[in-house]
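**Student:** Respectively, the protein sequence lines represent chains A, B, C, D and E. In this text, residue positions in the first sequence follow the numbering used here: the first is 1, and each later residue adds one. In this text, residue positions in the second sequence follow the numbering used here: the first is 288, and each later residue adds one. In this text, residue positions in the third sequence follow the numbering used here: the first is 522, and each later residue adds one. In this text, residue positions in the fourth sequence follow the numbering used here: the first is 847, and each later residue adds one. In this text, residue positions in the fifth sequence follow the numbering used here: the first is 1211, and each later residue adds one. Glycine is no exception: its CB is placed at the ideal position from the N, C-alpha and C atoms. Structure below; questions to follow.
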Amino acid sequence: MTVALSIVVDGIAYGMILFMISIGLSVTMGLMRIVNLAHGGFALLGGACAHVLTNSYGIPFIPALLVSVMAVVVLALPLERLVYRHIYRFSELEQVLATIGIVFIMIASVNLFLGSTLLPIRMPPVVSSPVDLGFKVLPLHRIIVILAGLAVVTALYLLVERTRFGIYLRASVDNQATAASLGIDTPKVYLAAFALGAALAAFGGILGAELLPIEAYYPLRYMVLFLIVVAVGGMGSIIGSFVAALSLGILDTAGRYLLPDIGTIFFFLAITAVLALRPNGLLVKSS
Amino acid sequence: MADALLELDSVVAGYGATHVLRNLSLKVFKGERLAVVGRNGVGKTTTLATVMGLTRQHSGAIRLNGQSIDRLPPHMRSQLGIGLVPQTRDIFPSLTVEENLLAGVRNGASIEEAYELFPRLKERRHNGGSKLSGGEQQMLAIARTLMGKPHIILLDEPLEGLAPVICEGLMEVFHALSTQGKTVVLVEQHTRLALDFADRVLILEQGAIVLDASAAELKANRDLLDRHVGVAVK
Amino acid sequence: MSANSTIAAARPQIRGAATFLPPIILLAGAFVAFWLFPYDLGFMTRILIMMVFVLSFDLILGYAGIATLGHAAMYGCGAYAAGLFAIHVSADPLLGLAIGAAAGALIALVSGLLLMRAHGLSLLMLSIAVTMVLQETASKARGITGGADGLTGISMGPVLGIFEFDFIGKTAFWYAFCVLFVILLVLRVVVASPFGLALRGIKDSPSRMRAIGTPLYRRKVAAYVLGGAIAGIAGALTAQITSLVSIEAFNFALSAEVMVMLVLGGAGRLYGALIGTLVFMTVHHIAAGIDPFNWLFVIGFMVLAVVFFLPEGLISLPKRLMRLD
Amino acid sequence: AETIKVGVIATFSGPNAIWGKQFQEAIQVYVAQHGKEVAGNTVEFVYKDVGGPNPDASKAAAQELLIREGVKYLAGFDFTPNALAVAPLITQAKVPAVIFNSATSAINKQSEFFVRTSFTLWQVTVPAAHWAASNGAKKIVTAVSDYNPGVDAENAFVSAFEEKGGTVVEKIRMPLQTTDFAPFLQRIKSSGADTVFAFLPAGPATFAFTKAYNENGLKQAGINFIGTGETDESTLDALGDQAIGLTTAQHYSAVHDSELNKAFRAKHAEMFPKSTLNPASVGAYDGVHLIYKLIEAAGTDGSEAIEAAKGLSWESPRGPVSIDPASRHVIQNVYIRRVERDGSRLVNREFDVIESVPDLGFSR
Amino acid sequence: MTTGLQVRNVSKNFGGLRVARDITLDLPAGARTALIGPNGAGKTTFANLIIGALEPTSGSIYLDGHDISKLPEATRVGAGIAKTFQITNLFRSLSVRDNVRLPILERERRTASFLRRYDGDSAVEEEVEKTLAEFQLLPLADHLVRNLAYGQQRLVELALTLSLKPRILILDEPAAGVPSSDSHLIIDAIKRLPADLSVLIIEHDMELVFEVANRIIVLVNGTILVEGTPQEISQDPKVRELYLGAGHG
Ligand SMILES: Nc1ncnc2c1ncn2[C@@H]1O[C@H](COP(=O)(O)OP(=O)(O)OP(=O)(O)O)[C@@H](O)[C@H]1O
Ligand SMILES: Nc1ncnc2c1ncn2[C@@H]1O[C@H](COP(=O)(O)OP(=O)(O)OP(=O)(O)O)[C@@H](O)[C@H]1O
Ligand SMILES: [Mg+2]
Ligand SMILES: [Mg+2]
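The structure is reproduced here in structure tokens:
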């Protein structure tokens, strides 16, 4: 019984971190439909920035977090104007190639300035202090991530499904020429969505750094993990990504509790089963 | 004659490096009903798409109300009052019918107007755009463009795939629009329909206008049409 | 009608030159490389093996349009099968290749039965999952595979009973080249066959393909198995020439790199696969030699430049240049 | 007099580039201290990047070095497969290869021409187990990453600990891909052990594990930590305060207290102010020292050089070392250290020593 | 044995929407049947049920007396049922010639062979050229389909489907997008079809329907409203009200 409870609590805590670090990809890849392998790159840049701010300049965590997210947005805007804007029109394979190129350059840049070792982000000690939930001890940090995750999923859901911006975004992605002929300023819509994706990537990267520590090769090391969440969640579905991240978190945690020896095999076999049964995502019944 | 509402002046345009329109010039006047006819592949769609800014324009000028618009991106042209109903309909598949309409709403238009025009759409309002029948898609495409309250409406074979009753109704709608002062440009394969509807008819061949005549003149002079468009006009 | 640039393909008349020229260039290239860079045979052999591997992926991705990120599965299985075969059964290289091909084909068949029902992102993830499971299995089966330390103790007999593998790597080079050449010829026949045309049809419009009565799934599995067999051969070559198999053979990075090389060169064109591999590996080698810490910049910018200026891949460069004047 | 080339095969790019960097810096420090001239010959180092564990690239690099560059000694080798891949080549070419890092005992069996100046897992893990047993550990749980080095470490620790009469209550193998260690820490906590022996690859895994060790309250629960390379100097600062108090057994600490090491550290700090020393550094430093000695003794004759290496002993920055003639592996002291804060940096402070330990895994 | 296609009590629901309700009809060999009806009546859906792209919720379909309701699409095509797409669906990055060649090769069961060239069979090549000529597509033969104007693509669509030489042919709005000046190409092609072929035409162009069909079925809201000769249908007041409007008769 306590094992089951532990699995659920640890699983949700882990799953929420998965959600936070991959939700940005859900926006760029799922909604905007760019195969954005550079997603981790934005998380890396955000994390590296937060590392420099907290470690080298001693800036407290919260302001460093905000500044880093802003910095990534500021970087993403010209990048979108100059590079990504052309990438939208590419075929999927060309997008793979282009975004891999971008991610290589991001990695090389971080590597050049900060080296290839871990780039820890200093947090106030209280953040990592254990909180006793009665049946279980959970670090405060995880509780913060859980709350942040819930806030993000709600806000994004409302934005995409309930606002004109959401409609404009989905329309522009479906058919840019037609959306433009209807008077939708597609470049601006894309720019905003892309900046949102990059901001979420940075935000998630920094909050998730406790588990997936930032280092130059971060984007490549965890690329598969990000992709899995989006695939299991279903392209373009915010709620889907959320459910997928939590389920994967619980699944992976259960594997570690119950079948530690074959944890990895179990995890991937489970994913295979899920994708075979629900190829379009957890929440979408295959027709 | 008054100044043209829309004017194309020696426009050369196409896709990539290919030229489809070769020195095309035409004028459309306010409140006019203009039909464009021609065989397959002569550039009718390309003409409309070029006005909208969706092709690559190599040279020439496009003016709306005397203002040059050929540097403007499509959405600015749309905001200036040009509306296009594309031949391929291009319904947004990941939006519902209602959201498709909302995507086009501007200038305080209400989607109830669209539902009045096409009750069928109201029945299917929560259906995904990709799950409509061919004719329903056509209705949605027309309604969606009208949601932007355009002054000049470019219709690319809007009747294709619609039931005859609906076609009749639609032609009446187009008529009504033009009596409200809107300008309608209709590309149509069915020459008879086009002649019945339009004041003036342009015949396109190989990316250029080969004939510009009033509908009445053409009706009277059938062999002129035959020569340019083909044998099947009955 | 519109301009000539929309003409699809060369008419049959000029096919003669197109048929024989490229293999001759390839052959000549090998001799020139062998003669010019006698000290780089080890590296050039790696390129040749990689070319075989990328070619096998071209059949699947470039022709049939099946995008996977787990092509290393077949490569790794081929490598382990050939390695274990050499240790426990026979040191004959050609037999080993056959075993590698069989292993690649087998794993492609088994996984393909599942994978070929999937599409898009979920196909990508499924193919990754298959590779991960294989890698983890190889890592845990230390008694058989040597685990993370690698499978050691492979020592190969002479090719055809005549050509011993030598220290400088001459035999290895020509051995790998001959395998590449044969595979290339085989693939040329395959892609110009009705089967090859059907694969291109599948890539273009699966729903239409079904509507003309093609058993889509069977064709896709067949293509996957054929690609898998060739990937298995590439893996077997590595095992035989390096005399060691490591679990890195199943690496995700390898699968991804193969895709990058293919798209870089031009997918759906056999010679695109060859050019992409050659350019990617050579640039990587030279850049890493000059500045091992920062070569990633070079690769990153090269890849970006190619997608932006040569969207059909490096193979379209001559066409582009010709169009300039 | 001639120019004698030494080929260094290591990882200079990719996520594991730290190895090549540490090697190269140590080599340059050694050369700066001792000059390039050995017995009238000039020694030149040629570096080859293999980008990580990649035996194909390693073999091709060795071929190129041996044939084109005509190197007389090979050196480097961070990952085991990379070393294993060159075994047939060096045997055939009779060129000694000095291993600066790869820690699997079996490598030296694959060729007579391998000599190793680093350590093996058995060499440091057995002393760790013995030390733990004689310092109050009764019940132990092992938690290792599930790959060959981890399993090696587990075997070494368990056998040595049980030999000393201790009990191993649980053996946990954690998948390499693990990012969230909370479930494992939970198991460790509830296993009833008083000490956990951990082995993980340095980098993200160690970071997340030590973090989880603290956050899940293991320290408060009185479960001691003992490890080997987890507090490697290259990641120590990144681990931060959570690492303080962690106990490890290793053959070298950057703050080892000796004149030789002080000189090494000072020169290194002068040449590479942003960098830090770690066990890989001393492996390379001593490796170069060994190569110099071999050149003195045998010039470019590989077979003779290997003979000369056997039994050679010298004073290293890590303390006294010698080459075991049987295993061609370095015999050295293993130190028990604890992480402490020293000014702005964290250090591995030595507080106990097990002397003259050979490669205990070679004969297994 | 009954020849041709029999549809028995077929229904299809999309969630709560009933698009086909208990449809029963026969398509005997040699028939020229037109299926008309308001937009969204379920015509395309019905065609998809016959071809096997959709599975019926209930009911069965027989071909020459054999139940084919459970067979996959590809098998049904192999058995001689073919359909054109209402929304053009072609091999866009292949040439026009290859678009016609592929179905012929498939029909001849050649696409599993990989030892000979795809253009190596003279009989097939002859047929390809003949088909292209019939639709006046020869000048475009080497163009990629994606570079053709929409109307030209419609012609390729038809040519491609006819190359399958089916016994049951379903044409979903074959003339949509084809100018009236060229619709004779389509009418001619339909008229040239072998006499024993059963054709089901879905079309809103009444001129075409009246020209080629000898029987018309009117589908409204997923059920068959009436069935009859062109004469009867064009006089039917209900059909006029629901579908034809004032302009026809
Ligand atoms: N996307 C494209 N890329 C390249 N060429 C194109 C493209 N679309 C159309 N074309 C070519 O441009 C020419 C004109 O096409 P357009 O679609 O304007 O003709 P159209 O008069 O509208 O024909 P239809 O009556 O068939 O709709 C055709 O020859 C066609 O092949
Ligand atoms: N996959 C689907 N899911 C839900 N509804 C669907 C789906 N496919 C079709 N429909 C609905 O079923 C109805 C019938 O569609 P169908 O395409 O068969 O009409 P149709 O008679 O061919 O019309 P048209 O003449 O306009 O082409 C339409 O209202 C359509 O919206
Ligand atoms: Mg058109
Ligand atoms: Mg229809």
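Using 8 Å as the limit for Cβ to Cβ distance, is D:Phe869 near chain A?
**Tutor:** No, D:Phe869 does not count as interfacial toward chain A.
**Student:** Spell out the partners DSSP gives D:Thr1093 in its beta bridges.
**Tutor:** D:Ile1072, D:Arg1184, per the DSSP bridge assignment.
**Student:** For C:Val847, decide whether its Cβ has a neighbour in chain E, counting only Cβ atoms nearer than 8 Å.
**Tutor:** Outside the displayed range of chain C (522 to 846) lies residue 847 of chain C, so it cannot be described from this structure.
**Student:** List the DSSP bridge partners of B:Gly370.
**Tutor:** Looking at the DSSP assignment, B:Gly370 forms a beta bridge with B:Ile440.
**Student:** Determine the chain C residues that contact D:Phe1003 at a beta-carbon separation under 7 Å, and present them in chain order.
**Tutor:** Those within 7 Å of D:Phe1003 in chain C number zero; the least Cβ separation is about 18 Å.
**Student:** Kindly indicate which three-state DSSP category D:Ile1200 falls into: helix, strand or coil?
**Tutor:** Correct three-state label for D:Ile1200: strand.
**Student:** Applying the 10 Å Cβ sphere with the 16-neighbour rule, what's the burial state of E:Pro1313?
**Tutor:** When all chains shown are included, E:Pro1313 counts as buried.
**Student:** Should D:Gln1023 be counted as a contact of ligand 3 given a C-beta to heavy atom distance under 7 Å?
**Tutor:** Flag unset: Cβ of D:Gln1023 not near ligand 3.
**Student:** Within the present structure, is the beta-carbon of E:Gln1296 separated from the nearest heavy atom of ligand 4 by less than 7 Å?
**Tutor:** For ligand 4, at least one heavy atom lies less than 7 Å from the Cβ of E:Gln1296.
**Student:** Does the Cβ of A:Asp10 have 16 or more other Cβ atoms within 10 Å, making it buried, or fewer, making it exposed?
**Tutor:** Classification of A:Asp10: buried, given that the 10 Å Cβ count is 16 or more.
**Student:** Which residues bound the beta strand (DSSP E) around A:Pro139?
**Tutor:** Taken as a continuous stretch (DSSP letters only), the beta strand (DSSP E) holding A:Pro139 covers 137 to 139.
**Student:** Measuring from the CB of A:Ala177, is there a heavy atom of ligand 1 at a distance below 7 Å?
**Tutor:** No, Cβ of A:Ala177 sits at least 7 Å from all heavy atoms of ligand 1.
**Student:** Chain E partners of B:Gln374, CB-CB under 8 Å?
**Tutor:** Ordered by position in chain E, the residues that pass the 8 Å Cβ test against B:Gln374 are Tyr1360, Gly1387.
**Student:** Of all the beta strand (DSSP E) runs that stay within the bounds of the stretch 1353 to 1393 of chain E, which reach a length of 3 or more residues?
**Tutor:** Qualifying beta strand (DSSP E) stretches, in chain order: 1378 to 1382.
**Student:** Compute every distance between the C-beta of B:Pro361 and the non-hydrogen atoms of ligand 1, then say whether any falls below 7 Å.
**Tutor:** Flag unset: Cβ of B:Pro361 not near ligand 1.
**Student:** Taking the alpha-carbon positions, what's the D:Ile864 to A:Ala202 distance?
**Tutor:** Cα to Cα, the separation comes out at about 25 Å.
**Student:** Is there a Cβ from chain D that is less than 8 Å from the Cβ of A:Gly263?
**Tutor:** So, interface residue.
**Student:** Taking CB distances under 8 Å as the criterion, tell me whether A:Arg27 reaches chain C.
**Tutor:** The sequence as given places Val at residue 27 of chain A; Arg does not occur at that position. No - not a single Cβ of chain C is within 8 Å of the one on A:Val27.
**Student:** Measuring straight from C-alpha to C-alpha, what distance separates D:Arg1183 and D:Lys984?
**Tutor:** For D:Arg1183 and D:Lys984, the distance between alpha carbons rounds to 20 Å.
**Student:** Going by beta carbon distance, what residues of the same chain come within less than 7 Å of C:Ala529, once the five residues before and after it are set aside?
**Tutor:** Low confidence applies to C:Ala529: its pLDDT is 40, below 50, so where it sits in the model is not reliable, and the reading given next is rough at best. Excluding positions up to five away in sequence, the list is empty.
**Student:** Report the residues of the stretch 445 to 467 of chain B with a CB closer than 9 Å to any CB of chain E, ordered along the chain.
**Tutor:** Result list: Leu446, Glu447, Gly448, Leu449, Ala450, Pro451, Val452, Ile453, Cys454, Glu455, Gly456.
**Student:** Would DSSP call D:Glu976 helix, strand or coil?
**Tutor:** A small correction: the amino acid at residue 976 of chain D is His; Glu does not occupy that position in the sequence shown. D:His976: helix per DSSP, three-state reduction.
**Student:** Is the distance from the Cβ of D:Ser951 to the Cβ of D:Phe1208 below 8 Å?
**Tutor:** It is a contact, given that the beta carbons lie within the stated cut-off.
**Student:** DSSP on C:Thr652, reduced to helix/strand/coil?
**Tutor:** Correct three-state label for C:Thr652: helix.
**Student:** Quick check: what's the CA-CA separation for D:Asn994 versus C:Ala659?
**Tutor:** Near 11 Å, if we compare the C-alpha coordinates of C:Ala659 and D:Asn994.
**Student:** With 8 Å as the limit, tell me which residues of the stretch 1325 to 1358 of chain E have their beta carbon closer than that to any beta carbon of chain C; keep them in chain order.
**Tutor:** Listed by position along the chain: Leu1325, Arg1326, Arg1327, Tyr1328, Asp1329, Pro1349, Leu1350, Asp1352, His1353, Leu1354, Asn1357.
**Student:** On the DSSP letters alone, give me the boundaries of the beta strand (DSSP E) that C:Gln761 sits inside.
**Tutor:** Looking at the DSSP string, C:Gln761 is not in any beta strand (DSSP E); the run it does join, the alpha helix (DSSP H), is 737 to 763.
**Student:** Since D:Trp1160 sits in a beta bridge, which residues does DSSP pair it with?
**Tutor:** DSSP, once it has assigned bridges, lists D:Val1167 as partnering D:Trp1160.
**Student:** For E:Arg1307, which residues in the same chain have their Cβ closer than 7 Å to its Cβ, ignoring the five residues on either side in sequence?
**Tutor:** So the qualifying residues of the chain are Val1338, Leu1342, Ala1351, Asp1352.
**Student:** How big is the Cα-Cα spacing for A:Ile271 and D:Met1020?
**Tutor:** So the alpha carbons of these two residues sit roughly 19 Å apart.
**Student:** Could you give the residue range of the alpha helix (DSSP H) that holds B:His477?
**Tutor:** Neither: B:His477 is in no alpha helix (DSSP H) and is coded neither H nor E.
**Student:** Hey, is E:Lys1253 close to ligand 4, as in C-beta under 7 Å from one of its heavy atoms?
**Tutor:** Checking the Cβ of E:Lys1253 against ligand 4 gives yes.
**Student:** Per DSSP, which residues does A:Pro130 bridge with? Please list them.
**Tutor:** The partner list for A:Pro130 (beta bridge, DSSP) reads A:Pro139.
**Student:** Between C:Gly575 and C:Val779, is the Cβ-Cβ spacing less than 8 Å?
**Tutor:** The question names Gly, yet the displayed sequence has Val at residue 575 of chain C. Against a cut-off of 8 Å, the Cβ pair of C:Val779 and C:Val575 comes out as a contact.
**Student:** Roughly how many whole angstroms lie between the Cα atoms of E:Lys1375 and E:Ser1303?
**Tutor:** Using only the alpha carbons, I get a separation of about 24 Å.
**Student:** Can you tell me the Cβ-Cβ gap for D:Pro1050 and A:Pro213, rounded? I've got them flagged as a contact below 8 Å.
**Tutor:** With a Cβ gap of about 5 Å, D:Pro1050 and A:Pro213 count as contacting.
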